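What follows is a short report on a single structure.
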Amino acid sequence: MSSSMFNFRQNKGNAPRPQEAEEIDFTAPWIREHYKDDAFIIVERGFANENGDGIIIPIQWATGPVMLKGIIDTATANLDFELGVTVPLFGYTKLTALKGNLRMGVVGTYDIGAGSGMVTLFHKGRDVWLDVSYKSVFARVDRSSYIVSLPKEAADAQQDFNTSRPPKLQYRL
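Numbering (the working numbering), first residue to last: 3 to 175.
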């Protein structure tokens, strides 16, 4: 392989998501179009929930040093996540737990001395999003990030799955 194959142009996170049922092609042009240099996601094969009427989907998502990991139950829209950060020399540190229902949105706050912030998990249709707000003496971050799309069957089964964003702090944990 030539080393030029790995010299992809920087996309700065504006890469389009693959379309549903799109064939993944690991050739250089496909990777250039879909590659996001600042994030990764691992979505494992789901397994049946306790009632057998939905799927529990394990997810790990990261951007820079921030990592979100947990599960979503597609039948109930309940979720159980943990948000943490990896700091050089100190390793992984848990910032907050996010438990609740995706339909209402779930908010968690954290204060780690060097800074404080709030995270919100919410949905827009079938898409799960994460809002991160962080403030410290060094930097301020306000960012929304797409995480994953839920299976179509799960979103269709939820008649009251609205597409509005929850008000900040209404569902504070």
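Where a beta carbon is used, it is the ideal one built from N, C-alpha and C, also for glycine.
Quick caveat, the model's predicted, so the values are computed rather than measured.
Under 8 Å between C-beta atoms of residue i and residue j
{"i": "L104", "j": "A79", "result": "yes"}
{"i": "E84", "j": "G72", "result": "yes"}
{"i": "V121", "j": "D133", "result": "yes"}
Which of helix, strand or coil DSSP assigns to residue i
{"i": "P90", "result": "coil"}
{"i": "G115", "result": "coil"}
{"i": "T78", "result": "coil"}
{"i": "M106", "result": "coil"}
{"i": "V132", "result": "Note that residue 132 is Leu in the sequence shown, not Val. L132: strand per DSSP, three-state reduction."}
{"i": "G72", "result": "strand"}
{"i": "P67", "result": "coil"}
{"i": "P60", "result": "strand"}
{"i": "V143", "result": "strand"}
{"i": "L152", "result": "coil"}
Neighbourhood of residue i by C-beta distance below 8 Å, restricted to the same chain and skipping five residues each side
{"i": "S118", "result": "T111, Y112, Y136, K137, S138"}
Other residues of its chain near residue i: CB distance less than 6 Å, five sequence neighbours each side excluded
{"i": "V68", "result": "V87"}
{"i": "D82", "result": "G72, I73, K101"}
{"i": "I149", "result": "W63, V130, L132"}
Any non-hydrogen atom of the ligand ATP closer than 7 Å to residue i Cβ
{"i": "T95", "result": "No copy of the ligand ATP occurs in the structure displayed, which carries no ligand at all."}
Cutoff 7 Å; reference residue i; Cβ partners in own chain excluding five residues on either side
{"i": "T98", "result": "L85, G110, T111, Y112, V121"}
{"i": "A116", "result": "S138"}
{"i": "K96", "result": "E84, G86"}
Stretch pair the region 89 to 96 + the region 142 to 154: three plus CB contacts closer than 8 Å: no
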